[in-house]
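Residue numbers (the working numbering): 257 to 723.
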């Protein structure tokens, strides 16, 4: 394609090298954001105290749910955009970007208004303590309305990644994070805005990243410049685009909601268990970050190559990424069985033997089955890339149902052991439909459905129909 500075074409060259070049900036961005969340928590806690930190923490799951949904929605749109980039259809790509904006903001408007209108009942469902209610509401309501800005950044970032540019979102994310930390101190410490200051700091820094992304697109990516004609799209295209976006958004939401349900069971097991699990999950998230990044990278990689009709490269990429992930899993298995007690003690800031024992046990058991989780993450994202948006939702729904069953049945019978075995057991069930449907997909056999074949031919001919 022309006029795509620094964009990485994932349809040409060695698959493993391209995937790593694409994935590394995404990994660094996610790691930087994760470290920022720790710093942000430290700032609120150290300046405003434990009550403020608890008020923020009590509603953080709502922010996580909304952020995860809109990030997944944007990623799903980006996957379809990657197919157009891979096929060389610039007109179709721009129409897809225009459709993403319309569908994204139509969805956001409905969800945000509903959440804002019913924020008090939502906080009641979250069991926010009465004495923290006003503080929690003043914090989360700003972030809820700020989801319009969050969506804008996610759309920009995923559209840039769809055409192979994973560097720009990283750079602007780093700038936004640094700005956020500085504004946290300014609004909270200097202006004495309390938890509202922390929320405003997040919103302003995200707005800065959106402005920088838009400027970058305007300056260097004419491919993404939209005109009024690009907003003339067919009903079929919008339905296909929305199916992909909703699939990724719901996949993320189901996972987060399942985690929320599981946490309600953990909260019944006592303070030591809660602390142990919290520390263990922090370690789990860090160790699992490369796997999740490889997964999201495969969505874009498969999308581009699916659009280009290069199914052999999809198969090569899958094999390479699964091998890389397997090597990482072996490394994590060794760490889990050697240094887990020290990590749990450090993160929990405790030498309590019960905390260290349960946190270590959780990591050693669950990390022993991380290879199954790897297959789930990689296949789920890859399938989105090559056109199957339904099987990943089925897999996520199985996860949600499994966590409900374990929370309300096995946790009551076996205590924390029920929690420890929740994910390994569910992983084995979830991975089955993913493997079966991946092997059955025509892409894995070098074939393609007639509808997709016609679509691809018309794209390459530059005659994509809007009818």
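Backbone N, C-alpha and C define an ideal beta-carbon position, used for all residues, glycine too. Model, not experiment: these values are computed from the prediction.
For residue i, which option in the options has the closest C-alpha, if you only look at C-alpha atoms?
i           : options            : result
residue 514 : 278, 457, 653      : 653
residue 282 : 351, 380, 395, 416 : 416
residue 463 : 674, 405, 647, 665 : 405
residue 676 : 663, 688, 694      : 663
residue 472 : 426, 351, 507      : 426
residue 480 : 411, 407, 666, 402 : 411
residue 349 : 643, 486, 517      : 486
residue 408 : 321, 496, 329      : 329
residue 602 : 628, 557, 648, 536 : 536
residue 364 : 553, 501, 673, 666 : 501
residue 359 : 497, 439, 278      : 497
residue 400 : 421, 491, 326, 475 : 326
Quick one: Cα of residue i to Cα of residue j, how far?
i           : j           : result
residue 470 : residue 696 : 41 Å
residue 444 : residue 398 : 15 Å
residue 563 : residue 699 : 12 Å
residue 685 : residue 305 : 43 Å
residue 716 : residue 493 : Confidence is the limiting factor: at residue 716 the pLDDT is only 44, short of 50, which leaves the residue's position unreliable and the question unanswerable from this model.
residue 599 : residue 522 : 20 Å
residue 341 : residue 287 : 28 Å
residue 555 : residue 273 : 16 Å
residue 718 : residue 577 : Only weak support exists for where residue 718 lies, its pLDDT of 44 falling under 50; the coordinates are left without a value.
residue 527 : residue 678 : 20 Å
residue 540 : residue 390 : 33 Å
residue 594 : residue 622 : 14 Å
residue 357 : residue 334 : 11 Å
residue 657 : residue 574 : 28 Å
residue 378 : residue 320 : 14 Å
residue 687 : residue 632 : 5 Å
residue 543 : residue 387 : 36 Å
Buried or exposed for residue i, going by 16 or more other Cβ atoms inside 10 Å?
i           : result
residue 269 : exposed
residue 483 : exposed
residue 659 : buried
residue 343 : buried
residue 267 : buried
residue 636 : buried
residue 690 : buried
residue 392 : buried
residue 669 : exposed
Does DSSP classify residue i as helix, strand or coil?
i           : result
residue 485 : helix
residue 407 : helix
residue 414 : helix
residue 276 : helix
residue 708 : Low local confidence applies: a pLDDT of 49 at residue 708 is under 50, so the model's placement there is unreliable, with the coordinate-based value given in what follows. Residue 708 falls in the helix class under three-state DSSP.
residue 449 : coil
residue 783 : Absent from the structure is residue 783, since the part of the chain shown begins at 257 and ends at 723.
residue 663 : helix
residue 589 : helix
residue 267 : coil
Within the present structure, is the beta-carbon of residue i separated from the nearest heavy atom of the ligand SAM by less than 6 Å?
i           : result
residue 332 : The ligand content of the structure shown is nil, which means the ligand SAM is not present either.
(request) Spell out a yes or no on whether the segment 577-591 and the segment 541-552 are touching, meaning 3 or more CB-CB pairs, one atom from each, closer than 8 Å. (result) With the cut-off at 8 Å, the segment 577-591 and the segment 541-552 touch.
(request) Pair every Cβ in the segment 560-575 with every Cβ in the segment 648-664, then say whether three or more of these pairs are closer than 8 Å. (result) Judged by Cβ distances under 8 Å, the segment 560-575 makes no contact with the segment 648-664, as fewer than three pairs qualify.
(message) Does the segment 519-534 come into contact with the segment 599-618, if we say contact requires no fewer than three beta-carbon pairs (one atom in each stretch) closer than 8 Å?
(response) These segments touch.
(request) Decide if the segment 432-449 is in contact with the segment 377-394; the criterion is three or more beta carbon pairs, one per stretch, under 8 Å apart. (result) No: fewer than three Cβ pairs fall under 8 Å.
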